[in-house]
Amino acid sequence: MQTSPRRRIGHESHPECAGSRICIREVDLLCPEAVESQKTFIDEREAIHKKAFRKWLNAKLQKATPPIEVKDLIEDLRDGHVLLTLMETLFSTQLPREKGKMRFHKLTNLSTALKFLEQNGVKIVGISNYDIADGISRAILGLVWSIILRFQVQGPFQETKSDVKVKDFHVEKELLGWCQDVLDG
Numbered sequence: 001m002q003t004s005p006r007r008r009i010g011h012e013s014h015p016e017c018a019g020s021r022i023c024i025r026e027v028d029l030l031c032p033e034a035v036e037s038q039k040t041f042i043d044e045r046e047a048i049h050k051k052a053f054r055k056w057l058n059a060k061l062q063k064a065t066p067p068i069e070v071k072d073l074i075e076d077l078r079d080g081h082v083l084l085t086l087m088e089t090l091f092s093t094q095l096p097r098e099k100g101k102m103r104f105h106k107l108t109n110l111s112t113a114l115k116f117l118e119q120n121g122v123k124i125v126g127i128s129n130y131d132i133a134d135g136i137s138r139a140i141l142g143l144v145w146s147i148i149l150r151f152q153v154q155g156p157f158q159e160t161k162s163d164v165k166v167k168d169f170h171v172e173k174e175l176l177g178w179c180q181d182v183l184d185g
């Protein structure tokens, strides 16, 4: 019976690790410092995503009437109004919305936005209106990433069967350029 090799994780405070990014201790012997280091890395990456995605949303929502500014990505998207306004701005259309502040109204607005996104080619897998209303950051970041991917990156490129590899290269190049522009500011 062959066993799989054990994963190594990043850790820098063990003397035997000699300051490398890879901890030579095995996963089943995780020390609290290694676990904390991993959590810190994940939190930093999430903060970077929130900042970049918020900037993209604000750039698009400046064209709305009246302009809207997203200050807290997670909290501001929970009621569905910002998503509906974003869809109205991107598609130059008017969408129905619930005016109340109860959970039912928020879920209805989010459901309207998600259905509209799916009808317009945004892939929404594993994201529900409940996840967004509950403020689950992973779901909200995934949704915003799907929107960015569809409208910022894939939008300019029309896919044909003969140009799939060329399209993929251009999408990656466009995405890299956009990330560099957003993160500089």
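Residue numbers 1 to 185, in full-length UniProt numbering, belong to the letters of the sequence shown in order.
Beta carbons: idealized from backbone N, C-alpha and C, even for Gly.
Residue 143 and residue 127 have their alpha carbons spaced roughly 7 Å apart. Residue burial annotation: residue 113 is buried, with at least 16 other C-beta atoms found within 10 angstroms of its C-beta. Note on geometry: alpha-carbon atoms of residue 40 and residue 149 lie some 27 Å from one another.
Nearest to residue 130 by C-alpha distance, out of 110, 88, 44, is 110. Bounds of the alpha helix (DSSP H) holding residue 142 are 137-148. With fewer than 16 other beta carbons inside 10 angstroms of its own, residue 71 counts as exposed. Residue 34 and residue 125 have their C-alpha atoms roughly 32 Å apart.
Exclusion of the five residues before and after residue 50 leaves 73 as the residues of its chain whose Cβ lies within less than 6 Å of its Cβ. Of all C-beta pairs linking the segment 48-65 to the segment 87-105, three or more are shorter than 8 Å, placing the two stretches in contact. Rounded to whole angstroms, the gap between the alpha carbons of residue 86 and residue 47 is 22 Å. Taking all protein chains shown into account, residue 99 has fewer than 16 neighbouring C-beta atoms within 10 Å of its C-beta and is therefore exposed. The beta-carbon separation of residue 52 and residue 179, rounded to 7 Å, stays under the 8 Å limit for a contact.
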